[in-house]
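Contents: one structure, followed by commentary.
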Amino acid sequence: MAMMSGAQMLVRTLEDLGVEYLFGYPGGAVLDIYDALHDSKKIHHVLGRHEQGVAHEADGYARATGKVGVCLVTSGPGATNTVTSIATAYMDSVPMVVITGQVGTPLIGSDAFQEVDTIGITRPIVKHSYLCQKATDIPKYLRQAFYLASTGRPGPVVVDVPKDCVRPSVKFEYPEPEPVKMRSYNPTTQGHRGQVRRAARMLAEAERPVLMLGGGVISSEGSEEARALARMFRLPVVSTLMGLGAYPGSDAQFLGMLGMHGTYEANMAMDKADLVLAVGVRFDDRVTNSVPKFCPAAKIVHVDIDPASISKTVEADIPIVGDAKTVLSQFLDSAGEQKLSCNAKAMDEWWGHISKWRAAKCLAYDKDPKVIKPQQVIESLYRATGGDAIIVTDVGQHQMFVAQYYKFDTPRSFLSSGGLGTMGYGFPAAIGAWVGQRSRPVCLVTGDGSFQMNIQELSTCRQFHIPIKIFILDNHTLGMVRQWQMMFYRGRISWTDLNDNPDFVAVAKAYGHEGQYVDDPSKLDAAIDAALSKKDSLVITDIRCDTDAKVLPMQQGGGSMSDMFMSEA
Amino acid sequence: MRQIISILLENETGALSRVVGLFSQRGYNIENITAAPTEDPSVTRITILTQSDKVELGRITKQLHKLVNVIRVYAQEDDSSGVVEREILFLKVQAIGHGVRAELKNLCDIFKAEIVDVTPEQYILQYVGASSDVDRFLKAVEDSADVIETVRSGVCGIFRGDHSLRV
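Taken in sequence, the protein lines are chains A and B.
Residue numbering for the first sequence follows this note's numbering, beginning at 1442 and increasing consecutively.
Residue numbering for the second sequence follows this note's numbering, beginning at 28 and increasing consecutively.
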C-alpha cells in the first residue's frame, strides 16, 4: 500500500493514465505539484512561455495523436490565461485535461492572492470540471476527467486543485486504478439499427447523394470506413474545415471543402443534392450559409455522437446518434446485408453535373512575376512536402488558403482552430503536434498578425529543440478583415494595416533559430525547399505576399450554398 | 408555451450552477426553479418552469442531458392532465380592523388557504395550489387588503400515470 501526498498522487495518477508529456508553467499554487514532478521518470515536462500557449500545446498534441493532451498551470492568472485555449478545444471537441492550481480551501472565496473562480469562469466552455476538496479527490477526479475528455464527444475537462490538497506533509493511501463508471454519463456509440437500414436504402436509391464529413470522423478514427462507403456508392465527398484529411484530398471523388470559402463544386453539389449523409458534423453557420436556403432538395441523414448537435440548426430527416466510425461500419454492414448498390445510371448523370462544376476551376488565380501570391505559397509547400506533413495554421486568409490548396490525404494532418477561430493557436499547437508526432515534418502556416499573438513560444522551441518550419504569409495586414473591409465596407481600411511588424528574420535569430526572407516569386520554391531541408532547425520563412489577395470563392451572406462570389468583381 | 422540466442530477457542488448556466448561456428563460435532494441524498431533483415552443424544448432537454452531472430529464408540455403541480404562496398582509380581518378570513375559507401567523396588525396567509390558482388567490387578496410581502416557492411538479423519473 503506497502512502503518498496529494501532489505525489497527482503525478502518479498521470503516470498510471499513460501520460508521457505534460505541458505546463509553474507558479505559487502548484509548487508542491512541480516538486513531486521533479521525481517522475515517466513524465516529460514541456515548459511553455505563456499559459495560453501551454494549453494550445496540449491541444495540438491531442489533435495530432488522438491521445488526451494534458497541461498544468497555476491559479489566478495562470488559469485565466488558459481560457481562450480551453474555449478553442471545446469548440473543436479536442480531448484535453487542464489541471489548474487553486488557493488553499480555507482561502477560497476570500479574494486571496492569485485566487480566481476557475470553475465558474470556465463553466460554459468545458465538457465538465472538478474542484478537488481533499487530496484523495485528485486520483478519482483525474481518472474521471481523462475518461470524460476522451469518450463520447471529446472535450476539455478542468481539474482545479487547491494548494492544501497537495501538501507534501500529509500522506494518504494511493487508490489503485480501476475502470471509471458514472451513472450520469453513458454516451451512445452504436447507431439505431433501423435508422441505419433506412438511411442505407435511401443512399442506394438517391440520385444526387453527397457524403459530407466533419471532425467527428477524425476523432473517431473512421476514415477508412468513410472511404469504403464512398467507394461502395460512388459518392461525391465534401468536407468541413475540421474534417479535412478524413477523406483523401487528392482522391477523384473528393470535391473539396464546403461552406463560406468552399469550392464551387462542393457547394453546388450540396445545393443540388437530393440526399446529404452528414457524418460527424454540426452544421456550423460557416458551413450552411442561410439555413432556410440550405440544401433545399435534400433529405438530411445526420450522424453524430452528440444528440444535442442533431437538428440544432439543420433539421435532420433521419437522425442517428452514434460514434462516426461505428455507424459508418454499420452502414457498410447494412448495405451488404441488404445487397444495396448505387443507382448507376443516376450516378453517371450526377457525376456529369459535378464535372461541369469542376471545369469552372474555382481555385484558379493569376500569378504575378513581381509579387508572391499566397495561394502559390501553399501550392509550393504541398509540392515540397509531397503532401506528407502535418500542417498547422492560425486563423485568417492563410488558414483558408491552406484548406483550399493543400490536399490532405490522411487524418490528423491538418490542425486548425475551426470553431472559435483563435488567432495565436497555430504556433503552440504546432509545438504540441511535434512533441506527439515526430515522424513527419510539422509546418506552421501563419500570418503576420496571428504569429505575433503567441510569438514567445520561440523560446520553448529553443529549449526543447523543436524544429518546426514556420511560413509567415506576411502581407502587412490582417488579411481576412481587410478582405471584408474591401468587399463590404467600401474599402475603408480601419486599423487592419500591420506596417510596423518586426523583422521576423531577426526575431528568429534573437531566439536562436534560423530565418530567411523571400519576396521574389521566382525564389519561393527554393526558399521553401531550403527551410524543409534543415531537419533539425526551426526555420522562419518570412514570405512577403500580395496585400490585396482575396480568399475566393466566397459565399454571399444570407444566400444559399450556391450563391458565391467567384471573383472580386 | 408553458413547460415543466424535471431533472434528476448528482447532488454535487456546482451541479445546480451548470443547469442554471446552461439556460442563460443558450438564451433560454427560467420562469421559476425549485431544487431539493430526493429520497436518495446523492440525487437532487430540480423542477424548472419555462416558456418555450416544442422545438426549443427539444433543444433544452438535449443540452440538459449533455451535462455530465445530469442523470435524467423529463419534459412534457403543460396540459393540466399530464402534470400534478403545486406552488406555495405566503402573503404578509395588513390586517387592521374587524372588517379587513373578517374579509381575509372569509377569502381563506373560500380558497382553502390558511392563516399561519397573526399579530395585532398583520396576518401571514399560506396558500397551496396550481400556479394559476395562486395567481387568482393573490389577486383576490390584493383587492381586499394591503399586501406587504409575498413569497412563492416556484413550481413543484410530478408527472401523472406510469411515467416516473427515477435513477
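Glycine included, C-beta positions come from ideal geometry on N, C-alpha and C.
Best match in the options for proximity to residue i [C-alpha to C-alpha]
{"i": "L152/B", "options": "S158/B, Q121/B and K89/B", "result": "Q121/B"}
{"i": "G1709/A", "options": "L1718/A, L1696/A, V1720/A and G1721/A", "result": "Note on identity: in this sequence residue 1709/A is Met, with Gly being the wrong assignment. Of L1718/A, L1696/A, V1720/A and G1721/A, the residue nearest in Cα terms is L1696/A."}
{"i": "Q1779/A", "options": "D1983/A, V1637/A and K1753/A", "result": "V1637/A"}
{"i": "Q1840/A", "options": "K1802/A, N1522/A, S1526/A and S1891/A", "result": "S1891/A"}
{"i": "G1888/A", "options": "V1876/A, R1879/A and F1912/A", "result": "F1912/A"}
{"i": "I1907/A", "options": "K1766/A, V1768/A and C1884/A", "result": "C1884/A"}
{"i": "Y154/B", "options": "C183/B, L131/B, F117/B and V182/B", "result": "F117/B"}
{"i": "T1525/A", "options": "R1564/A, Y1705/A, A1830/A and T1506/A", "result": "R1564/A"}
{"i": "D1745/A", "options": "T1754/A, P1760/A, C1736/A and E1666/A", "result": "P1760/A"}
{"i": "D1807/A", "options": "I1562/A, N1627/A, K1991/A and P1580/A", "result": "K1991/A"}
{"i": "M2007/A", "options": "E1898/A, E1498/A and H1702/A", "result": "H1702/A"}
{"i": "V1509/A", "options": "A1520/A, S1591/A and L1773/A", "result": "S1591/A"}
{"i": "A1448/A", "options": "V1812/A, S1660/A, L1583/A and A1719/A", "result": "L1583/A"}
{"i": "K1612/A", "options": "K1581/A, G1469/A, T1577/A and P1628/A", "result": "T1577/A"}
{"i": "I1527/A", "options": "S1551/A, K1848/A, I1566/A and T1559/A", "result": "I1566/A"}
{"i": "Q1878/A", "options": "E1662/A, I1909/A and Y1466/A", "result": "I1909/A"}
{"i": "N1847/A", "options": "D1692/A, P1733/A, A1586/A and R1649/A", "result": "One detail in the question is off: residue 1847/A reads as Tyr in this sequence, not Asn. Here the closest residue by C-alpha is D1692/A."}
{"i": "L1973/A", "options": "Y1823/A, A1874/A and Q1924/A", "result": "Y1823/A"}
{"i": "G184/B", "options": "R113/B, F164/B, P147/B and V46/B", "result": "R113/B"}
For residue j and residue i, the rounded distance between their alpha carbons
{"i": "R1594/A", "j": "K1568/A", "result": "9 Å"}
{"i": "D1960/A", "j": "Q1816/A", "result": "14 Å"}
{"i": "V1535/A", "j": "G1596/A", "result": "5 Å"}
{"i": "D1809/A", "j": "V1818/A", "result": "13 Å"}
{"i": "S69/B", "j": "P1689/A", "result": "49 Å"}
{"i": "T1529/A", "j": "G156/B", "result": "48 Å"}
{"i": "C1639/A", "j": "L1716/A", "result": "In the sequence as presented, Cys is not what sits at residue 1639/A; that position holds Arg. C-alpha separation (whole angstroms): 13 Å."}
{"i": "V111/B", "j": "F186/B", "result": "6 Å"}
{"i": "P1994/A", "j": "R1727/A", "result": "13 Å"}
{"i": "M1933/A", "j": "G1494/A", "result": "Reading off the sequence, residue 1933/A comes out as Arg, not Met. Looking at the two C-alpha atoms, the distance is approximately 33 Å."}
{"i": "Q103/B", "j": "L35/B", "result": "15 Å"}
{"i": "M1623/A", "j": "L1589/A", "result": "10 Å"}
{"i": "F50/B", "j": "V1742/A", "result": "28 Å"}
{"i": "I1549/A", "j": "E1756/A", "result": "45 Å"}
{"i": "S1625/A", "j": "C1512/A", "result": "26 Å"}
{"i": "N1940/A", "j": "S1821/A", "result": "26 Å"}
{"i": "K1713/A", "j": "G1656/A", "result": "24 Å"}
{"i": "V1538/A", "j": "M1673/A", "result": "39 Å"}
{"i": "I31/B", "j": "K81/B", "result": "12 Å"}
{"i": "F164/B", "j": "Q1997/A", "result": "56 Å"}
{"i": "R1774/A", "j": "P1650/A", "result": "Note that residue 1774/A is Asp in the sequence shown, not Arg. So the two alpha carbons sit approximately 19 Å from each other."}
{"i": "M1444/A", "j": "T177/B", "result": "56 Å"}
{"i": "V1876/A", "j": "F1905/A", "result": "9 Å"}
Per DSSP, the bridge partner or partners of residue i
{"i": "R1490/A", "result": "Its beta-bridge partners do not exist; DSSP assigns none."}
{"i": "G1700/A", "result": "BP columns for G1700/A are empty, so no partner."}
{"i": "T177/B", "result": "L118/B"}
{"i": "F186/B", "result": "V110/B"}
{"i": "N59/B", "result": "L76/B"}
{"i": "L102/B", "result": "Residue identity differs from the one stated: residue 102/B is Ala in this sequence, not Leu. Looking at the DSSP assignment, A102/B forms a beta bridge with I32/B."}
{"i": "G1542/A", "result": "V1602/A"}
{"i": "P1650/A", "result": "L1716/A"}
{"i": "G156/B", "result": "E114/B"}
{"i": "M2005/A", "result": "Q1996/A"}
Under 9 Å from the C-beta of residue i: neighbouring residues of chain D
{"i": "L1513/A", "result": "The structure shown contains no chain D; the protein chains it does contain are A and B."}
Would you check if the stretch 51 to 68 of chain B and the stretch 1964 to 1984 of chain A touch, i.e. whether three or more CB-CB distances between them fall below 8 Å? With fewer than three CB-CB distances shorter than 8 Å, the stretch 1964 to 1984 of chain A does not count as touching the stretch 51 to 68 of chain B.
Tell me which residues of the stretch 1671 to 1700 of chain A have at least one Cβ-Cβ distance to chain B shorter than 8 Å, keeping chain order. The stretch 1671 to 1700 of chain A vs chain B, Cβ under 8 Å: nothing.
Report yes or no: do three or more beta-carbon pairs, one from the stretch 118 to 137 of chain B and one from the stretch 162 to 173 of chain B, lie closer than 8 Å? Remark: three or more beta-carbon pairs, one from each stretch, lie closer than 8 Å, so the stretch 118 to 137 of chain B and the stretch 162 to 173 of chain B are flagged as touching.
Would you call the stretch 1540 to 1552 of chain A and the stretch 1995 to 2006 of chain A in contact, with 3 or more CB pairs under 8 Å? Contact between the stretch 1540 to 1552 of chain A and the stretch 1995 to 2006 of chain A is absent, because fewer than three Cβ pairs lie under 8 Å.
Contact between the stretch 37 to 51 of chain B and the stretch 1946 to 1954 of chain A is defined here as three or more beta-carbon pairs at a separation below 8 Å; is this criterion met? Remark: fewer than three beta-carbon pairs, one from each stretch, lie closer than 8 Å, so the stretch 37 to 51 of chain B and the stretch 1946 to 1954 of chain A are not flagged as touching.
Could you tell me whether the stretch 1597 to 1605 of chain A touches the stretch 1733 to 1749 of chain A, where touching means 3 or more Cβ pairs closer than 8 Å? Because the criterion of three Cβ pairs below 8 Å is not met, the stretch 1597 to 1605 of chain A and the stretch 1733 to 1749 of chain A do not touch.
If you pair each beta-carbon of the stretch 1785 to 1799 of chain A with each one of the stretch 1744 to 1761 of chain A, do three or more pairs fall below 8 Å? The answer is no - the stretch 1744 to 1761 of chain A does not touch the stretch 1785 to 1799 of chain A, with fewer than three Cβ pairs under 8 Å.
For the stretch 1864 to 1871 of chain A against the stretch 1443 to 1460 of chain A, are there 3 or more C-beta pairs whose distance is under 8 Å? Result no; under three Cβ-Cβ pairs closer than 8 Å.
Proximal residues, the stretch 1569 to 1582 of chain A versus chain B, C-beta separation under 7 Å: Going along the stretch 1569 to 1582 of chain A in chain order, one finds H1569 and L1572 with a Cβ nearer than 7 Å to chain B.
Are at least three pairs of beta-carbons, each pair with one atom in the stretch 1850 to 1869 of chain A and one in the stretch 1679 to 1688 of chain A, less than 8 Å apart? Put simply, the stretch 1850 to 1869 of chain A touches the stretch 1679 to 1688 of chain A. At least three CB pairs are less than 8 Å apart.
Count the C-beta pairs between the stretch 1846 to 1854 of chain A and the stretch 1474 to 1491 of chain A that are closer than 8 Å, then say yes if the count reaches three, no if not. The stretch 1846 to 1854 of chain A, when compared against the stretch 1474 to 1491 of chain A, does not touch it at the 8 Å Cβ threshold.
Residues of the stretch 1613 to 1640 of chain A in Cβ contact with chain B at a cutoff of 8 Å, in chain order, please. So the close ones are M1623, R1624, S1625 and Y1626.
Does the structure place the stretch 1917 to 1925 of chain A close enough to the stretch 1823 to 1838 of chain A that three or more beta carbon pairs sit under 8 Å? Short answer: they touch.
Per the contact definition of three or more C-beta pairs closer than 8 Å, is the stretch 1955 to 1969 of chain A in contact with the stretch 1892 to 1904 of chain A? Because the criterion of three Cβ pairs below 8 Å is not met, the stretch 1892 to 1904 of chain A and the stretch 1955 to 1969 of chain A do not touch.
Contact set between the stretch 107 to 139 of chain B and chain A, restricted to residues whose Cβ is under 9 Å from the partner: Identification of residues in the stretch 107 to 139 of chain B having a C-beta nearer than 9 Å to some C-beta of chain A yields an empty set.
Any C-beta of chain B within less than 7 Å: which residues of the stretch 1532 to 1566 of chain A qualify? Of all residues in the stretch 1532 to 1566 of chain A, I1560, R1564 and P1565 have a Cβ within less than 7 Å of some Cβ in chain B.
Which residues, taken in chain order from the stretch 1748 to 1759 of chain A, show a beta carbon closer than 7 Å to some beta carbon of chain B? Residues of the stretch 1748 to 1759 of chain A with a Cβ closer than 7 Å to any Cβ of chain B, in chain order: P1748, A1749 and K1753.
Given a limit of 7 Å on CB to CB distance, which residues of the stretch 60 to 89 of chain B reach chain A? For the stretch 60 to 89 of chain B, the beta-carbon criterion of a distance under 7 Å to any beta-carbon of chain A is satisfied by R86 and K89.
Anything in the stretch 34 to 48 of chain B with a Cβ closer than 8 Å to a Cβ of chain A? List those residues in chain order, please. Result list: L36, E37, T40, G41, S44, R45 and G48.
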